[in-house]
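Trainee: Residue numbers (this note's numbering), protein chains in the order written: chain C, 374 to 1127; chain Z, 374 to 1127.
For reference, the structure I am asking about is given below.
Number of protein chains: 2
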Amino acid sequence: MWQLKSNDLSTERLLQEESLFSIGNGYIGVRGCFDEAPDLISNTIRGSYINGFYDRVPILYDESASGFPTVKDKQPRVMDTQTSLILLDGETVVIKASQIRDYFRVLDLQKGLMERSYKYITKSGKAAKIAFRRMASFAAKNILCYEIDIYYDGEIEIISFLDSDVRNHSDSYDPRVANGHDKLLHLNKLSIEGTLVFCEMETITTKIPILSMIEYEVTCLDSGHYSLEHNLEEQKIATKAKSKRHLKLQKKCIFIDGTRSSCLYEEAMEIHSKYSKHSFDDLISMQEEYLNSFWNASDIEIYGCDNIQEAIRFQLFQLLQSVGKDEISNISAKGLSGEGYEGHYFWDTEIYVLPLFQMTQPELAKQLLLYRYHILPQAKQRAKEMGHNKGAAYPWRTISGIECSSYFPAGTAQYHINADIAYGFIQYYLYHGDKSFMLEAAAEVIFETARIWLEIGHWYKGAYHIDNVTGPDEYTAIVNNNYYTNAMAKYHLYWADKLYHELHEYNNADFEELCHKINLTSDEVNEMRLASEAMHLVYDEELGIHAQDDSFLRKAVWDFANTTPDQYPLLLHIHPLTIYRYQVLKQPDTVLAHFLLEDYADTETMKRSYDYYEKITTHDSSLSSCIYGIMASRCGYYEKAYEYFMEAVRLDLDDKHSNTKDGLHMANLAGSCLGIINGFAGYRIKETGISIDPIVPNELAGYRFRIHYLDAWLEIDVNELVRIKLLQGKPLKITIYNKDYIVADTIEIERKQL
Amino acid sequence: MWQLKSNDLSTERLLQEESLFSIGNGYIGVRGCFDEAPDLISNTIRGSYINGFYDRVPILYDESASGFPTVKDKQPRVMDTQTSLILLDGETVVIKASQIRDYFRVLDLQKGLMERSYKYITKSGKAAKIAFRRMASFAAKNILCYEIDIYYDGEIEIISFLDSDVRNHSDSYDPRVANGHDKLLHLNKLSIEGTLVFCEMETITTKIPILSMIEYEVTCLDSGHYSLEHNLEEQKIATKAKSKRHLKLQKKCIFIDGTRSSCLYEEAMEIHSKYSKHSFDDLISMQEEYLNSFWNASDIEIYGCDNIQEAIRFQLFQLLQSVGKDEISNISAKGLSGEGYEGHYFWDTEIYVLPLFQMTQPELAKQLLLYRYHILPQAKQRAKEMGHNKGAAYPWRTISGIECSSYFPAGTAQYHINADIAYGFIQYYLYHGDKSFMLEAAAEVIFETARIWLEIGHWYKGAYHIDNVTGPDEYTAIVNNNYYTNAMAKYHLYWADKLYHELHEYNNADFEELCHKINLTSDEVNEMRLASEAMHLVYDEELGIHAQDDSFLRKAVWDFANTTPDQYPLLLHIHPLTIYRYQVLKQPDTVLAHFLLEDYADTETMKRSYDYYEKITTHDSSLSSCIYGIMASRCGYYEKAYEYFMEAVRLDLDDKHSNTKDGLHMANLAGSCLGIINGFAGYRIKETGISIDPIVPNELAGYRFRIHYLDAWLEIDVNELVRIKLLQGKPLKITIYNKDYIVADTIEIERKQL
């Protein structure tokens, strides 16, 4: 249950497994390609990536308009360090089922490495034992290690490459993958210094340098009888190790880039000397130690279902591998596991991934928020470009902070990202009550983003309206009073007003300074409060639900009966204008708002809403099932809760959206973990405190997880009983099944039966 | 009053005059560039064009989606025949104010040619008299003629080019001009055959050939003492004529293209021999004859204001020069006078240009309609691409019939073009009662386009709704129940039902065959009738007006007070999403519907509507002022009627939109002529007959024009009296000031005083 395993060598599966078996540490990531035989899969996506590292490419429009972004960030595929050729008595090892025995690979979630091995039968019938290991060190983020270990009764040769000839993956058909602009780096220098080889490259447009350095180490049983030589070729360095009977080649690659460092070579040498005494095994020990601590805080234990246990841990591990751990980086839609969505960061962070880290890894959560603070200047600039007089408009997709969305109806029009980000900061405040962080970073983001609602909203007949936005459901675009947006804005504005007073009280002088800096007055905050109070949340009396937007419920319902399975996802088969014309959802919108802001509607309304919208949702987005699962629990639809959860938790493992090859769906990885915590356990955090409402689906025996809340650390264990244990901190109140308890040590109550 | 004159040599004005002094005949057009000194204006748009001739270029999208067009038509700049160098004693003539005296040019609207002349002072102080003429023959559409006539006491040399090195104009900033893809033709062959020179080219993608042939003729006072030689250079043929004291070079250019001909060379030679005996002056005589007949039918005489008279005749003439006269071609947004909008045909044809020809040039009107019939197959194909089960969806912009709009919110979303085209056919029927044309072409277009309303509309609470369309006002996009669209669809569907019965009665067998061909049943027609009857036309009780769409009147009004003059047109300065958020119009929408379908609202509603919408209209579109002028007359706002009319009638002459350089605004040219007929004279045509409601603005003394109606030809003369004269045909009913009269010969009644 701590391992993802595979013995599948089929070509289609291998492309998908490149994503599943990715290795990363939040700074650097490398897809789970085969070291040997790089042309095994014709369309292999042989990528390594650095989080937050970007080039810029032009965006061309056939018909342009004012304010359209003219360039966008793009995450380059960096120099390839994973490729090696293996020769046995001069015969190149190729991956052919007929020559392979006992193929096996494993992603070890406790050790934090990927291992792969097989028995290879040469054409002359001789057998070799070949094993690989690779790891991206969490403790030393710049280090990526590979090991190839071969036993063979003959001559063994490994030619390992440091290859600068890399191009990004491109797909002109699928809008979820990028098109063109595949060459993003140029080579500055390849060099060899003693046992070290260097590759210095630079992004073509942004001129950000990146350096990769490899140190090779050879071991063989018959010590001394090996050779190692480096050959500088035009675009790569080929390192050849040779021995007989046994050869183990270890590569320690150091990556360093210009977004974080100005003296790449010097810093690389420093890191190198700092870790020069660390063997591969030493690094593995450090990795295990790091992961031990991670799992202690973040594991979600599943009782009675190994299948789910494996999936959940796989997801937690992959999130950890992809999440940025400094203010330069965040977590992109596909993390560091692929090139879908060009390495861009979306609202996925705040609404899907961040909540998980808020509970379990506060420091990581804080870093994700600091990234947003770091790009606030660009968001303010973007607001100006959009014609707003003040405030910040966060980009729908970005790496460096600039708006990188070229299709505004499902991009820039999603103003809700402003509220989503504010929501993240507010949740952090609820979790940790950290007023100094509010003062230093959060408040500025919350106020500047809140200002946008005053810019794009207006009063109409005593209510506050927000027109011409797109909500989370991208199958309806550019509408008025989208429920999700308005509800989130209402919450956002409420908090802006509340914080304004709380921070005044907390540290009047410093807060006054901030207000002065951003020119915030009590009049403006008062406007925010009034807008929040009068926010127009469209309610349909007849259906007893909130309408997704002003006109949504008056539209025709999509003709599901005459839509064939091959027409899904609709976005790949139907013109968006035609999709927008109908009541049809890509993903939850109002239902998502009910999850995030459940106090804005009563339970019966939420249930009716669920019933109505679920019927017309295609789940064409990978962000859909997990939320429907969580809200199914909330509505008491326990069978559905389980079904949706299972859909989400196996989405990448079973390649349900047929695009896992482009990278893992980070939001869904997190969302399905939330399926346990917010879904089955019914965990919520509000101003009034935390609460749970746990159920256990019939298919499981229970689950256990730990959360931080204020200065406390709690374990929530749901089995036949619900047991809450205070692991650290002062006694605190928790609401269980709508009844308040004080947890001082452990409390146990009966679990609700379905 | 039959001439457009200029003696302006300022550089900015010259670029604009390239458009104003364009020469064309509906097949070929050439901008009014200077023959000599081609580099006079650095950004000259030195173009010649063939109507309906096109290449295709890819449309690239940064984020593509299903159904987006991937290629578009583009009107290529064809081989240049207008360039000549003039040398006087070896000194090249350059256009410098210091060397030019008595510069003058004129576009002669009766002769149908452009003349230009000046006295040129060489550096040594000698004077030359230089004159130019050019003409595109209406009688022989393939022929374009140039003449250069020079008197100079010394050696005169003219080097005239047939130049294949042409590229389209490109502007990456202005969305109204195209960007990139400037090389659309490649050269196949240049050749010289005796006195004839040939240039054969081909569009790069569509492989449509085009041939240009020039015959040169030299005359000089000192006959015999001249030389003429052709030099074949890499991309052009240079023809050098030389003489002393006097030299007249005449060029007869024949253009022929592969959209209309399969044997270009042979046809060119045929045309050549047919006109081989025709001198330049013979062709001018034919031209005058043609134009005499044109003006007899189409002139709008203005009493008491030369300024307007000049402008109106200029407009009528330019429309005639640009309008296509076969089913391959139509009239593009800029006609044959420039490259704005890439030579595409829009709804401008049916709503602005066609009405004028319906009244005055029925044959031209019919050709414009036949073009739409000709591209019906592509429109049916497009409907499929948009996900519709049946019907035809006409492209928003096109040459060959395919959708060429890459920005669908202000392109494909304008489904109203279907009704606009149907409206054109219906008007033709009202004018000429031509049931055989209905049966042969019109009905099929009307039914196939009507089907789209059943595809995109739906029933909601007993009313018929049409969601997710964009109306004519492009400052609001993708809305529900746009008044213009719904009203036009209502009319369209009403006529579909009506025609179904009338054609059954007219010719049951043939009509049954058509119904069978397009699979049209009475059930479907019945659905159309029901939809028409129940069409949802949003009416706001409080304001007493029709809302532009469901949500329009609930939006915030644009902050006009804080918009500086340099922020107009808004489309060049504000992001469309921000524009769409507000009540702000680029051009009339509901007000235009009131013009076209005045019986759908009472006069008081139309007046309130005018009052309301006018205040929030920017007139950023050149299609705006003329309609506001017409409707001002209808509402009794006579001062405004005159002001808007003057704005429209001088739009290109005074370059009011600062883009006349990209071509003349064809819709406005026609629209301002309608300003007299539909505006001041209040002319309308309906099922019940024709009516007028004439007024004369204080600034004029009156006006006169002639119209065809059924088999009659009428003159309407408005002066102190309103005099209606039946020029041809049987007596008929006309309604004047709401009172019915029968015109048998002439009737005279008192004109309404303002």
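Glycine included, C-beta positions come from ideal geometry on N, C-alpha and C.
Are the beta-carbon atoms belonging to residue 1063 of chain C and residue 1107 of chain C less than 7 angstroms from one another?
Mentor: In contact: residue 1063 of chain C and residue 1107 of chain C (Cβ atoms closer than 7 angstroms).
Trainee: Hey, which unbroken runs of the alpha helix (DSSP H) at 4 residues or more fall wholly within the stretch 700–776 of chain Z?
Mentor: As far as the stretch 700–776 of chain Z is concerned, its whole alpha helix (DSSP H) runs of at least 4 residues are 727–733, 735–747 and 749–758.
Trainee: What distance in whole Å lies between the Cβ atoms of residue 923 of chain Z and residue 859 of chain Z, which are believed to be in contact at a cut-off of 8 angstroms?
Mentor: Not really, about 10 angstroms apart at Cβ, beyond 8 angstroms.
Trainee: Classify residue 703 of chain C as buried or exposed, calling it buried when 16 or more other Cβ atoms lie within 10 Å of its own Cβ.
Mentor: Buried: at least 16 other Cβ atoms inside 10 Å.
Trainee: Could you give the DSSP three-state label for residue 626 of chain Z: helix, strand or coil?
Mentor: It is a strand residue.
Trainee: Please decide whether residue 735 of chain Z counts as near chain C, where near means a Cβ-Cβ distance under 7 angstroms.
Mentor: With 7 angstroms as the cut-off, residue 735 of chain Z does not count as an interface residue toward chain C.
Trainee: Only counting runs of 3 or more residues, tell me where the beta strand (DSSP E) segments fall wholly within the stretch 820–880 of chain C, in order along the chain.
Mentor: The qualifying runs are 830–833 and 836–839.
Trainee: Taking the CB atoms as reference points, tell me whether residue 963 of chain Z and residue 982 of chain Z lie closer together than 7 angstroms.
Mentor: Yes, Cβ-Cβ distance for residue 963 of chain Z and residue 982 of chain Z is below 7 angstroms.
Trainee: Rounded C-beta distance between residue 622 of chain C and residue 531 of chain C? I'm assuming under 8 angstroms.
Mentor: Yes, they are in contact, since the Cβ atoms of residue 622 of chain C and residue 531 of chain C sit about 5 angstroms apart, within 8 angstroms.
Trainee: Nearest by alpha-carbon distance to residue 867 of chain Z: which of Z/758, Z/501, Z/848 and Z/822 is it?
Mentor: The option with the nearest alpha carbon to residue 867 of chain Z is Z/822.
Trainee: Give me, in chain order, the residues of the same chain whose beta-carbon lies closer than 8 angstroms to that of residue 913 of chain C; leave out the 5 immediate sequence neighbours on both sides.
Mentor: Excluding residues within five positions, the ones whose Cβ falls inside 8 angstroms are 919, 920 and 926.
Trainee: Tell whether a beta-carbon distance below 7 angstroms holds between residue 851 of chain Z and residue 782 of chain Z.
Mentor: Going by C-beta atoms, residue 851 of chain Z is nearer than 7 angstroms to residue 782 of chain Z.
Trainee: Please decide whether residue 954 of chain Z counts as near chain C, where near means a Cβ-Cβ distance under 7 angstroms.
Mentor: Yes, its Cβ sits closer than 7 angstroms to a Cβ of chain C.
Trainee: Using a Cβ-Cβ distance cut-off of 7 angstroms, determine whether residue 786 of chain C contacts chain Z.
Mentor: At least one chain Z Cβ lies under 7 angstroms of residue 786 of chain C.
Trainee: Pick helix, strand or coil for residue 466 of chain C, following the three-state DSSP scheme.
Mentor: It is coil, neither helix nor strand.
Trainee: Express the C-alpha separation of residue 838 of chain Z and residue 909 of chain Z in angstroms, rounding to a whole number.
Mentor: Cα to Cα, residue 909 of chain Z sits roughly 6 angstroms from residue 838 of chain Z.
Trainee: Out of curiosity, what's the CA-to-CA distance linking residue 382 of chain Z and residue 407 of chain Z?
Mentor: Residue 382 of chain Z and residue 407 of chain Z: Cα-Cα distance of roughly 11 angstroms.
Trainee: Checking contacts by CB at 7 angstroms: is residue 928 of chain Z closer than that to chain C?
Mentor: So, interface residue.
Trainee: Counting contacts by CB-CB distance shorter than 7 angstroms, is residue 685 of chain C in contact with chain Z?
Mentor: So no, residue 685 of chain C is outside the interface.
Trainee: By Cβ distance below 7 angstroms, which residues in the same chain neighbour residue 480 of chain C in space, the five residues on each side in sequence not counted?
Mentor: The residues are 376, 377, 394 and 487.
Trainee: Hey, quick one: how far does the beta strand (DSSP E) through residue 402 of chain C stretch, first residue to last?
Mentor: Segment 401–403, the beta strand (DSSP E) holding residue 402 of chain C.
Trainee: Less than 7 angstroms separating the beta-carbons of residue 594 of chain Z and residue 614 of chain Z?
Mentor: Result no, Cβ atoms of residue 594 of chain Z and residue 614 of chain Z do not sit closer than 7 angstroms.
Trainee: If contact means a Cβ-Cβ distance below 7 angstroms, which residues of the stretch 429–445 of chain Z contact chain C?
Mentor: Within the stretch 429–445 of chain Z, the qualifying residues are 432, 433, 435, 436, 437, 438, 439 and 440.
Trainee: Keeping to the same chain, check which residues put their C-beta closer than 6 angstroms to that of residue 389 of chain Z; ignore five residues upstream and five downstream.
Mentor: These residues qualify, in order along the chain: 1028, 1033 and 1034.
Trainee: Using a Cβ-Cβ distance under 7 angstroms, would residue 416 of chain Z count as near chain C?
Mentor: No, residue 416 of chain Z does not count as interfacial toward chain C.
Trainee: Taking DSSP as the reference, what is the three-state secondary structure of residue 610 of chain C?
Mentor: The answer is strand: DSSP assigns residue 610 of chain C an E or B state.
Trainee: Mind listing which residues of the stretch 840–859 of chain Z have their C-beta closer than 8 angstroms to chain C's C-betas, in chain order?
Mentor: Within the stretch 840–859 of chain Z, the qualifying residues are 840, 841, 850, 851 and 853.
Trainee: Quick one: does residue 471 of chain C have its CB under 7 angstroms from some CB of chain Z?
Mentor: No, because no Cβ of chain Z sits closer than 7 angstroms to the Cβ of residue 471 of chain C.
Trainee: List the whole-angstrom C-beta distance separating residue 423 of chain C from residue 451 of chain C, where the pair is believed to meet the contact cut-off of C-beta under 8 angstroms.
Mentor: Indeed, because the Cβ distance is near 6 angstroms, the residues count as touching under 8 angstroms.
Trainee: Would you identify the three-state DSSP class for residue 969 of chain C, choosing helix, strand or coil?
Mentor: Helix.
Trainee: To the nearest angstrom, report how far apart residue 818 of chain C and residue 604 of chain C are at their CA atoms.
Mentor: Near 52 angstroms, if we compare the C-alpha coordinates of residue 604 of chain C and residue 818 of chain C.
Trainee: Using CA coordinates, which residue listed in C/942, C/722 and C/583 is at the minimum distance from residue 1041 of chain C?
Mentor: Checked all of C/942, C/722 and C/583; the closest Cα to residue 1041 of chain C is C/722.
Trainee: Taking CB distances under 7 angstroms as the criterion, tell me whether residue 936 of chain C reaches chain Z.
Mentor: So, not an interface residue.
Trainee: Secondary structure at residue 394 of chain C, three-state DSSP: helix, strand or coil?
Mentor: Residue 394 of chain C falls in the coil class under three-state DSSP.
Trainee: Can you pull the DSSP bridge partners for residue 938 of chain Z?
Mentor: Answer is none; residue 938 of chain Z lacks a bridge partner.
Trainee: In the structure shown, what three-state DSSP assignment does residue 593 of chain Z receive?
Mentor: Correct three-state label for residue 593 of chain Z: coil.
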